[in-house]
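Colleague:
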Amino acid sequence: MTINHAYLVASGDLRLSANQACWAAQHEMEQHLTNVFEQHGVKLERAHQVNGQGHGFIDSQRMGMDVFRKIPKDAPVVVAEAVWQYSHHVLAGLRAHQGPILTVANWSGQWPGLVGLLNLNGSLTKAGVTYSSLWSKDFSDAFFQEGLTQWVKTGHISHELSHVRALPTLNPDMAALGKRLADELRERQAILGIFDEGCMGMYNAIIDDELLNPMGIYKERLSQSAMVAAMRLVSDEEAQAVRQWLDDRGMQFMTGEDEAADLTDEQILEQLKMYIAAVRIAHEFGCDAIGIQYQQGLKDMSPASDLVEGLLNNPERPPVFNAESGELYAGQALPHFNEVDEGAAVDALITNRVWNSLGFDPSTTLHDLRWGEHYTGEDVDDFVWVFEISGAVPASHLIDGYAGATGYRQPPMYFPLGGSTLAGTCKPGELVWSRIFVENGALYADIGRATALSLPAEETQRRLDATTPQWPILHAVLHGVSRDQMMARHKANHLQVAYAPTAADADKALQAKAAMFQALGIHVHLCGDVTTGG
Numbered sequence: 003m004t005i006n007h008a009y010l011v012a013s014g015d016l017r018l019s020a021n022q023a024c025w026a027a028q029h030e031m032e033q034h035l036t037n038v039f040e041q042h043g044v045k046l047e048r049a050h051q052v053n054g055q056g057h058g059f060i061d062s063q064r065m066g067m068d069v070f071r072k073i074p075k076d077a078p079v080v081v082a083e084a085v086w087q088y089s090h091h092v093l094a095g096l097r098a099h100q101g102p103i104l105t106v107a108n109w110s111g112q113w114p115g116l117v118g119l120l121n122l123n124g125s126l127t128k129a130g131v132t133y134s135s136l137w138s139k140d141f142s143d144a145f146f147q148e149g150l151t152q153w154v155k156t157g158h159i160s161h162e163l164s165h166v167r168a169l170p171t172l173n174p175d176m177a178a179l180g181k182r183l184a185d186e187l188r189e190r191q192a193i194l195g196i197f198d199e200g201c202m203g204m205y206n207a208i209i210d211d212e213l214l215n216p217m218g219i220y221k222e223r224l225s226q227s228a229m230v231a232a233m234r235l236v237s238d239e240e241a242q243a244v245r246q247w248l249d250d251r252g253m254q255f256m257t258g259e260d261e262a263a264d265l266t267d268e269q270i271l272e273q274l275k276m277y278i279a280a281v282r283i284a285h286e287f288g289c290d291a292i293g294i295q296y297q298q299g300l301k302d303m304s305p306a307s308d309l310v311e312g313l314l315n316n317p318e319r320p321p322v323f324n325a326e327s328g329e330l331y332a333g334q335a336l337p338h339f340n341e342v343d344e345g346a347a348v349d350a351l352i353t354n355r356v357w358n359s360l361g362f363d364p365s366t367t368l369h370d371l372r373w374g375e376h377y378t379g380e381d382v383d384d385f386v387w388v389f390e391i392s393g394a395v396p397a398s399h400l401i402d403g404y405a406g407a408t409g410y411r412q413p414p415m416y417f418p419l420g421g422s423t424l425a426g427t428c429k430p431g432e433l434v435w436s437r438i439f440v441e442n443g444a445l446y447a448d449i450g451r452a453t454a455l456s457l458p459a460e461e462t463q464r465r466l467d468a469t470t471p472q473w474p475i476l477h478a479v480l481h482g483v484s485r486d487q488m489m490a491r492h493k494a495n496h497l498q499v500a501y502a503p504t505a506a507d508a509d510k511a512l513q514a515k516a517a518m519f520q521a522l523g524i525h526v527h528l529c530g531d532v533t534t535g536g
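Positions 3 to 536 (our numbering) are the ones given, in order, by the sequence shown.
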């Protein structure tokens with residue numbers, strides 16, 4: 003086959019403010035794509051037009067269904083993404099489509115287009131939809147040109163994935179530890195507290211009970227309206243005590259007076275009421291981890307949950323009490339999975355148990371696989387990723403901990419009622435990264451090693467300014483995994499990270515974690531350079 007005509011669709015946000023702010027970048031990308039496709043003999047026809055609200059995105063599931071009804075079922079389709087997008091806007095159409103599908107993103111940190119692409123790819127993988135994927139800064143590089151040539155000729159693109167391999171023989175002690183912890187989880191089952199499900203159209207972030215329950219993991223389905231009700235029961239004095247705790251440890255909040263544009267003290271106190279309410283609800287239902295779906299609904303009722311999430315993921319955090327039990331989860335992290343990503347939930351739960359068993363700090367978080375560039379200098383000559391997330395990063399991951407943390411107002415286009423971030427630069431050190439995802443009706447896990455770097459302050463600021471400067475950032479070099487290998491293989495917008503004291507400790511922890519995954523029935527693959535064995 004040779005493709006000479008394809009339909010372009012663009013999935014967008016559900017929030018009008020985000021679609022309007024990001025449309026210029028999307029429009030520019032589409033113009034470049036149209037020209038490049040024309041050079042390859044392909045007419046790229048937009049399947050939906052710019053609307054009267056100042057953007058040309060598909061902005062609802064119903065709109066997506068209507069758009070795909072007008073596209074011939076066997077026609078080639080290109081999903082072009084320069085922004086964060088809600089995958090369920092186009093999932094129904096793509097799921098029923100019979101022609102070749104190509105997902106494309108521009109290699110830019112300005113808006114989370116790469117993050118949106120990876121979420122869509124993960125959602126299509128879970129849904130069993132065949133697709134190809136490409137990414138490029140300006141669509142002129144050899145990687146993109148060769149991939150597009152292959153797609154035009156065959157309707158399919160093959161990526162090089164030699165970095166992925168089956169789990170080999172592991173260190174016997176770590177293998178035994180992972181097996182024991184898996185047995186303990188099945189014996190004493192764990193509960194994930196789910197404050198509403200399906201955040202931001204992330205179909206890939208929902209794991210069915212039939213896959214979770216055999217591992218000993220169950221969901222407590224909680225409501226975000228119950229969270230708001232519980233927040234109303236928290237006194238100003240309790241919230242102020244948490245604020246004082248943070249102030250005493252050196253965290254700085256960049257506050258102002260304009261509620262619409264600035265972070266205010268009132269927003270922070272509301273967030274800290276959410277923190278206290280979340281811990282109390284988790285205790286009430288016996289949850290081992292929780293996830294707050296801070297988006298539609300809750301975003302119009304309260305400030306952002308991100309400060310809350312970072313506090314929960316740190317063992318050293320402000321104490322929360324109730325009258326019957328005293329301090330709740332004393333001296334422990336209460337793992338929080340940002341945006342109710344249940345793949346991250348399982349990962350965080352397992353990380354917590356493995357790291358605690360090894361005597362390591364169990365602080366863990368997910369990050370967006372946001373963007374990256376090659377960096378040369380300060381003994382570094384490598385591709386350095388920008389891992390970045392609006393919330394969930396614990397202070398122990400930051401340089402100088404709470405004293406190195408700053409609270410900025412969340413960007414108004416995403417967070418209308420504001421709220422503080424828990425921002426800072428993540429400390430240098432040895433990492434284990436991983437991702438649990440759904441494919442072919444089963445759970446899979448990719449796991450590998452990385453090193454967090456300390457880059458010069460001006461380079462860190464440049465990367466923040468190129469992405470979202472209010473959010474915490476981690477400079478990461480993956481061991482033995484190239485940029486394009488990571489993008490081609492990764493089946494989610496998020497990946498989980500945890501630090502270990504040394505490189506040898508990280509190798510041990512990775513093996514114990516991989517062994518626990520495997521003992522729970524998850525299909526495990528090592529990615530890149532990983533030291534294993536006796």
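Glycine is no exception: its CB is placed at the ideal position from the N, C-alpha and C atoms.
1) Which of the three DSSP states, helix, strand or coil, is assigned to H50?
2) Using only alpha-carbon positions, find the residue among N37, K75 and S89 that is nearest to F59.
3) Give the secondary structure of T453 by DSSP, where H, G and I count as helix, E and B as strand, and everything else as coil.
4) State the CB to CB distance for the pair A502 and A508, rounded to an integer number of angstroms; the pair is presumed to be in contact (CB under 8 angstroms).
5) What do you reckon, is the C-beta of H165 under 6 angstroms from a heavy atom of the ligand SAH?
6) Does the stretch 145-157 come into contact with the stretch 126-137, if we say contact requires no fewer than three beta-carbon pairs (one atom in each stretch) closer than 8 angstroms?
7) For L96, I'd like the list of residues in its chain whose CB is within less than 7 angstroms of its CB, leaving aside the five on either flank, ordered along the chain.
8) Can you tell me whether DSSP reads I219 as helix, strand or coil?
9) Would you mind sorting Y220 into buried or exposed? The rule is 16 or more other CB atoms within 10 Å of its CB.
10) Can you tell me which of V80, G450 and M31 puts its alpha carbon nearest to the alpha carbon of F141?
11) To the nearest angstrom, how far is the alpha carbon of A23 from that of H496?
12) Which one or two residues does DSSP pair with A8 in a beta bridge?
13) Closest to N215 by C-alpha separation, out of D238, R190, L224 and S359, would be which residue?
14) By Cβ distance below 6 angstroms, which residues in the same chain neighbour D210 in space, the five residues on each side in sequence not counted?
15) Can you give the beta carbon distance from S456 to P430, rounded, assuming they're within the 8 angstroms contact cut?
16) For the stretch 267-283 against the stretch 239-247, do three or more pairs of beta-carbon atoms, one drawn from each stretch, fall closer than 8 angstroms, so that the two count as touching?
17) The beta strand (DSSP E) that contains H525, what's its start and end?
18) Just list the residues that DSSP pairs Y446 with in beta bridges.
19) Does the Cβ of F519 have 16 or more other Cβ atoms within 10 Å, making it buried, or fewer, making it exposed?
20) Buried or exposed: Q295, going by 16 or more other Cβ atoms within 10 Å of its Cβ?
21) Where does Q463 fall in DSSP's three states?
22) Only counting the same chain, and skipping five residues up and downstream in sequence, which positions put a Cβ closer than 6 angstroms to that of I401?
23) On the three-pair Cβ rule with 8 angstroms, is the stretch 371-391 touching the stretch 112-122?
24) What are the start and end residues of each continuous beta strand (DSSP E) run of 3 or more residues lying completely inside the stretch 160-243, in chain order?
25) Here's the rule: buried if 16 or more other CB atoms are within 10 angstroms of the residue's CB, otherwise exposed. What is M204?
26) When the distance is taken between beta carbons, is N315 closer than 7 angstroms to T367?
27) Quick check on DSSP: helix, strand or coil for Y501?
28) Taking a contact to mean a Cβ-Cβ separation below 7 angstroms, would you say E432 touches A505 in this structure?
29) To the nearest angstrom, report how far apart E329 and H285 are at their CA atoms.
30) Out of I524, I475, L528 and M303, point me to the one whose CA is closest to M488's CA.
31) Would you mind giving the Cβ-Cβ distance between V81 and A49, rounded to the nearest angstrom? I have them listed as a contact below 8 angstroms.
32) Quick check on the DSSP output: the beta strand (DSSP E) that includes D537 runs from which residue to which?
33) Of all the beta strand (DSSP E) runs that stay within the bounds of the stretch 83-162, which reach a length of 3 or more residues?
34) V532: buried (16+ other C-beta within 10 angstroms of its C-beta) or exposed?
Modeller: Let me lay it out:
1) Looking up residue 50 in the sequence shown gives position 48. Three-state DSSP puts H50 in coil, outside helix and strand.
2) Here residue 59 is taken as the residue at index 57 of the sequence shown, counted from 1. Out of N37, K75 and S89, S89 has the C-alpha closest to the C-alpha of F59.
3) Reading the sequence shown from its first residue, position 451 is the one you call residue 453. Reduced to three states, the DSSP call for T453 is strand.
4) Reading the sequence shown from its first residue, position 500 is the one you call residue 502. Reading the sequence shown from its first residue, position 506 is the one you call residue 508. So it is a contact: roughly 4 angstroms between Cβ atoms.
5) The ligand SAH is absent from the structure shown, which contains no ligands of any kind.
6) yes
7) Here residue 96 refers to the residue found at position 94 of the sequence shown. Contacts found: I103, L126 and V131.
8) The residue labelled residue 219 in the question sits at position 217 within the sequence shown. I219: strand per DSSP, three-state reduction.
9) Indexing the sequence shown from 1 puts residue 220 at position 218. That one is exposed.
10) Residue numbering aside, residue 141 sits at position 139 when the sequence shown is read from its first letter. Cα-wise, what sits closest to F141 is M31.
11) Translated into positions along the sequence shown, residue 23 becomes position 21. Translated into positions along the sequence shown, residue 496 becomes position 494. Approximately 23 angstroms between the Cα atoms of the pair.
12) Residue numbering aside, residue 8 sits at position 6 when the sequence shown is read from its first letter. According to DSSP, which records beta bridges pairwise, A8 is partnered with L46.
13) Here residue 215 refers to the residue found at position 213 when the sequence shown is read from its first residue. N215 has its Cα closest to that of R190, out of D238, R190, L224 and S359.
14) Here the question's residue 210 lines up with position 208 in the sequence shown. If we look at D210 and ignore the five residues flanking it on each side, it has no Cβ neighbours.
15) Here residue 456 is taken as the residue at index 454 of the sequence shown, counted from 1. Here residue 430 is taken as the residue at index 428 of the sequence shown, counted from 1. S456 to P430, Cβ: 4 angstroms. Contact.
16) yes
17) Residue numbering aside, residue 525 sits at position 523 when the sequence shown is read from its first letter. Looking at the DSSP string, the run of the beta strand (DSSP E) that includes H525 is H525 to C529.
18) Along the sequence shown, read from residue 1 onward, the residue named residue 446 stands at position 444. In DSSP, Y446 forms a bridge with F439 and H525.
19) Counting from one through the sequence shown, the residue named residue 519 turns up at place 517. Looking at its Cβ environment, which holds 16 or more other Cβ atoms inside 10 Å, F519 is buried.
20) Taking the sequence shown and counting its residues from 1, one reaches residue 295 at position 293. Buried.
21) The residue you call residue 463 lines up with position 461 of the sequence shown. Here Q463 sits in helix by DSSP.
22) Working through the sequence shown from its first residue, we reach residue 401 at position 399. For I401, where only same-chain residues beyond five positions count, the Cβ hits under 6 angstroms are T427 and K429.
23) yes
24) 166-168, 192-197 and 219-224
25) Residue 204 sits at position 202 when you count from the first residue of the sequence shown. So M204 ends up on the buried side.
26) Locating residue 367 in the sequence shown gives position 365, where the first residue counts as 1. Locating residue 315 in the sequence shown gives position 313, where the first residue counts as 1. Taking 7 angstroms as the Cβ cut-off, T367 and N315 qualify as a contacting pair.
27) One-based indexing of the sequence shown puts residue 501 at position 499. Three-state result, Y501: strand.
28) Taking the sequence shown and counting its residues from 1, the one referred to as residue 432 is at position 430. Taking the sequence shown and counting its residues from 1, the one referred to as residue 505 is at position 503. In this structure, A505 lies closer than 7 angstroms to E432 by Cβ.
29) Translated into positions along the sequence shown, residue 329 becomes position 327. Translated into positions along the sequence shown, residue 285 becomes position 283. Rounded to the nearest angstrom, the two C-alpha atoms are 10 angstroms apart.
30) Indexing the sequence shown from 1 puts residue 488 at position 486. Among I524, I475, L528 and M303, the Cα nearest to that of M488 belongs to L528.
31) Position 79 of the sequence shown holds residue 81. Position 47 of the sequence shown holds residue 49. Not confirmed; about 10 angstroms, so no contact.
32) For the chain, the structure presents residues 3 to 536; residue 537 sits outside this window and is missing.
33) 103-108 and 134-138
34) Here residue 532 is taken as the residue at index 530 of the sequence shown, counted from 1. So V532 counts as buried.
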